[in-house]
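J.:
Numbering (this note's numbering), first residue to last: 14 to 297.
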């Protein structure tokens with residue numbers, strides 16, 4: 014009796030709908046097809062458990078069996094000890110670090126309040142808050158006066174698939190004068206340079222954002238992302254340096270003509286490729 018599975022319908026407020034990625038949906042469809050084949054192979058001996066994930070004969074997976082199987086796979090992989098439940102925390106942490114709103118993560122986890130999610134994942138909140146601050150700076154940088162010494166030019170070699178990534182490195186010169194140069198990597202040729210006075214590290218970073226934004230507006234480019242890497246410097250050097258990374262895209266909209274499924278795909282893959290990009294499933 015101790016090993017017998019017991020289940021009942023969840024409470025109404027604990028039932029929620031989860032969105033699956035296209036890849037996850039395709040994996041689920043592929044498993045369903047495999048399950049149907051197993052049903053035919055087992056014939057009358059197949060157990061109709063009604064579960065999505067089962068043994069080959071249709072029997073439901075016992076939680077204890079899943080935990081032991083997972084522990085064995087972790088052991089064989091050589092990874093540090095991790096519990097199966099830790100994957101839930103990992104997924105939530107990665108979702109938050111990817112920039113998803115904490116309310117979305119709360120709904121996905123089934124937490125009753127935003128505060129529970131916030132309290133549980135306090136370790137990643139500083140990173141989230143920093144990213145939020147940088148995103149605000151990218152949208153509305155302070156109007157910091159600066160002088161353009163060398164106009165910004167993004168060479169063709171810096172572009173890959175209409176995306177260019179480069180850095181603006183600032184350093185305090187004599188007194189309160191700062192010089193900020195754009196480069197694709199350390200010790201590479203300057204793509205342009207500006208100078209400013211009396212604004213400090215924050216001012217240098219904001220001036221760089223304004224400079225690049227102005228260039229994008231004038232050149233029909235899109236400023237996709239701004240990242241401030243001042244935290245990479247030792248504490249004692251942060252007052253004298255700034256480092257900001259920019260991701261820029263060409264604004265031309267790609268044409269949809271000529272796009273088709275790759276040749277050689279099996280029929281099932283062709284059908285899956287034409288399904289809607291998101292699927293929704295009822296999950297307790």
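C-beta atoms are modelled at their ideal positions from N, C-alpha and C, and glycine is treated no differently.
If you're wondering where the values come from, they're calculated on a predicted model, not measured in any experiment.
For the segment 59 to 84, which segments carrying the alpha helix (DSSP H) assignment without a break, of at least 4 residues, lie completely within its bounds, in sequence order?
T.: none
J.: Quick one: using the 10 Å Cβ neighbour count with 16 as the cut-off for buried, is residue 229 buried or exposed?
T.: buried
J.: If you run the structure through DSSP and keep just helix, strand and coil, what is residue 39?
T.: helix
J.: Leaving out five residues on either side along the sequence, give the residues of the same chain with a beta carbon under 8 Å from the beta carbon of residue 275.
T.: None.
J.: At 4 residues or longer, what runs of the alpha helix (DSSP H) sit wholly inside the segment 160 to 225?
T.: none
J.: Does the beta-carbon distance from residue 110 to residue 165 come in below 8 Å?
T.: no
J.: Once DSSP output is grouped into helix, strand and coil, what is the label at residue 299?
T.: The structure shown has nothing for residue 299, since the chain only spans 14 to 297.
J.: Note the first and the last residue of the continuous beta strand (DSSP E) segment covering residue 120.
T.: Not the beta strand (DSSP E): residue 120 falls in the alpha helix (DSSP H), residues 115 to 122.
J.: From 176, 65 and 273, pick the residue whose C-alpha is nearest to that of residue 44; which is it?
T.: 65
J.: Only counting the same chain, and skipping five residues up and downstream in sequence, which positions put a Cβ closer than 6 Å to that of residue 69?
T.: 51
J.: For residue 180 and residue 216, I'd like the C-alpha separation in whole angstroms.
T.: 16 Å
J.: Whose C-alpha, out of 30, 82, 167 and 258, is nearest the C-alpha of residue 233?
T.: 167
J.: Would you identify the three-state DSSP class for residue 21, choosing helix, strand or coil?
T.: coil
J.: Terminal residues of the continuous alpha helix (DSSP H) containing residue 264?
T.: From DSSP, residue 264 is part of no alpha helix (DSSP H); its letter is neither H nor E.
J.: Expressed to the nearest angstrom, what Euclidean distance is found between the alpha-carbon atoms of residue 244 and residue 39?
T.: 41 Å
J.: So, with DSSP's three-state summary, where would you put residue 251?
T.: DSSP places residue 251 outside both helix and strand once states are collapsed to three, so it counts as coil.
J.: Would you check if the segment 122 to 129 and the segment 176 to 194 touch, i.e. whether three or more CB-CB distances between them fall below 8 Å?
T.: no
J.: Apart from the five residues just before and just after residue 115, which ones in its own chain have a Cβ nearer than 7 Å to its Cβ?
T.: Within the same chain, and ignoring the five residues on either side of residue 115 in sequence, the residues whose Cβ sits closer than 7 Å to its Cβ are 109, 127, 130 and 131.
J.: Hey, residue 178 and residue 260 are a contact pair by Cβ (cut 8 Å); roughly how many whole angstroms apart?
T.: 5 Å
J.: Could you give the distance in angstroms between the alpha-carbon of residue 190 and the alpha-carbon of residue 86?
T.: Residue 190 and residue 86: Cα-Cα distance of roughly 58 Å.
J.: Considering only the alpha carbon of each residue, which of 207, 213 and 171 lies closest to residue 201?
T.: Comparing Cα-Cα distances from residue 201 to each of 207, 213 and 171, the minimum goes to 171.
J.: Excluding the 5 residues flanking residue 83 on each side, which residues of the same chain have their C-beta closer than 7 Å to its C-beta?
T.: 97
J.: Just checking my contact of residue 264 with residue 240 at CB under 8 Å: how many whole Å lie between their CB atoms?
T.: In this structure residue 264 is not in contact with residue 240, their Cβ atoms being roughly 20 Å apart against a cut-off of 8 Å.
J.: Helix, strand or coil for residue 239 per DSSP?
T.: strand
J.: Thinking just about the alpha-carbon of each residue, which of 269, 63 and 214 is nearest to the one in residue 21?
T.: Here the closest residue by C-alpha is 63.
J.: When the distance is taken between beta carbons, is residue 209 closer than 8 Å to residue 157?
T.: Contact flag set, yes.
J.: What's the gap between the Cα of residue 102 and the Cα of residue 242?
T.: Their backbone Cα atoms lie some 27 Å apart in a straight line.
J.: Does the distance from the C-beta atom of residue 159 to that of residue 218 stay below 8 Å?
T.: No, the pair does not count as a contact, with Cβ atoms beyond the cut-off.
J.: DSSP has residue 256 in a bridge; who is on the other side?
T.: For residue 256, the pairing in a beta bridge is given by DSSP as 182.
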